[in-house]
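Residue numbering for the sequence shown follows numbering that gives the first Met the number 0, beginning at 0 and increasing consecutively. Ideal Cβ placement from N, Cα and C applies to all residues, glycine included. Note sheet for the following structure.
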Amino acid sequence: MPQDVKVQPVINPADKPTLQGLIATREHEAALIDALEKAFDYRGDVTLTLTTGRSVSGYIFDRKRATTLKDSLVRLLPEDSTEKLAVRFSEIERVEFTGKDTAHGKTFENWIKRFTEKRLKGESAGIEAEALD
Numbered sequence: 000m001p002q003d004v005k006v007q008p009v010i011n012p013a014d015k016p017t018l019q020g021l022i023a024t025r026e027h028e029a030a031l032i033d034a035l036e037k038a039f040d041y042r043g044d045v046t047l048t049l050t051t052g053r054s055v056s057g058y059i060f061d062r063k064r065a066t067t068l069k070d071s072l073v074r075l076l077p078e079d080s081t082e083k084l085a086v087r088f089s090e091i092e093r094v095e096f097t098g099k100d101t102a103h104g105k106t107f108e109n110w111i112k113r114f115t116e117k118r119l120k121g122e123s124a125g126i127e128a129e130a131l132d
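Right, dumping it as structure tokens:
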């Protein structure tokens, strides 16, 4: 028995909107929590403004979700320090996606395509990472 096959449209990752520039504040707690979840998957720096007024920018590499904001936290590598910093959700007034997402618009398929094109042209192509802007 034949099956119906539904073809999904191909979406170019570069056409997807980036999170860079997105801001969420404590005024909308659900949006702030959602932004912190997205920040965990973001491959750029974010700036957290704390309830004390202090701001810290860096890369969020870990997060712990709990039932309360006080028990939930993010851990980040501040851009101006080598020391890891833990910040509770309850201490965050605002989150802003300030750094460039270094992986935005890049996919493995695009990498393979560029690799193959270079090889077919006789150019040097390796598995080394591209230089960051």
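Looking at the secondary structure, which residues open and close the beta strand (DSSP E) in which residue i lies?
i, result
"E108", "Note, E108: premise wrong, no beta strand (DSSP E); alpha helix (DSSP H) at F107 to L119."
"E90", "Careful: E90 lies outside any beta strand (DSSP E) and carries neither H nor E."
"F96", "Run containing F96: none; DSSP gives neither H nor E here."
"S56", "S54 to K63"
Quick check: the Cα distance between residue i and residue j, rounded to an integer number of angstroms?
i, j, result
"L31", "I111", "37 Å"
"H27", "E116", "47 Å"
"G125", "F107", "14 Å"
"E36", "R62", "8 Å"
"R113", "S123", "11 Å"
"R42", "K120", "32 Å"
"R64", "N109", "34 Å"
"E90", "L47", "9 Å"
"L199", "A29", "Nothing about residue 199 can be read from this structure; the chain reaches only from 0 to 132."
"L18", "R118", "34 Å"
"E92", "D33", "14 Å"
If residue i sits next to residue j, beta carbons under 8 Å apart, how far is it from one beta carbon to the other, in whole angstroms?
i, j, result
"L68", "F88", "4 Å"
"L76", "F96", "L76 to F96, Cβ: 16 Å. No contact."
Among the options, which residue has its Cα nearest to the Cα of residue i?
i, options, result
"E82", "G57, S71, T46 and F96", "G57"
"L163", "T50, I91, V73 and E90", "The chain is shown from 0 up to 132; residue 163 falls before or after that span and cannot be answered."
"E78", "S71, V45, R93 and V94", "V45"
"A23", "V94, T50 and L49", "V94"
"V86", "G98, T66, K99 and S71", "S71"
How would you write the range of the alpha helix (DSSP H) that residue i sits in, first residue to last?
i, result
"D40", "E28 to D40"
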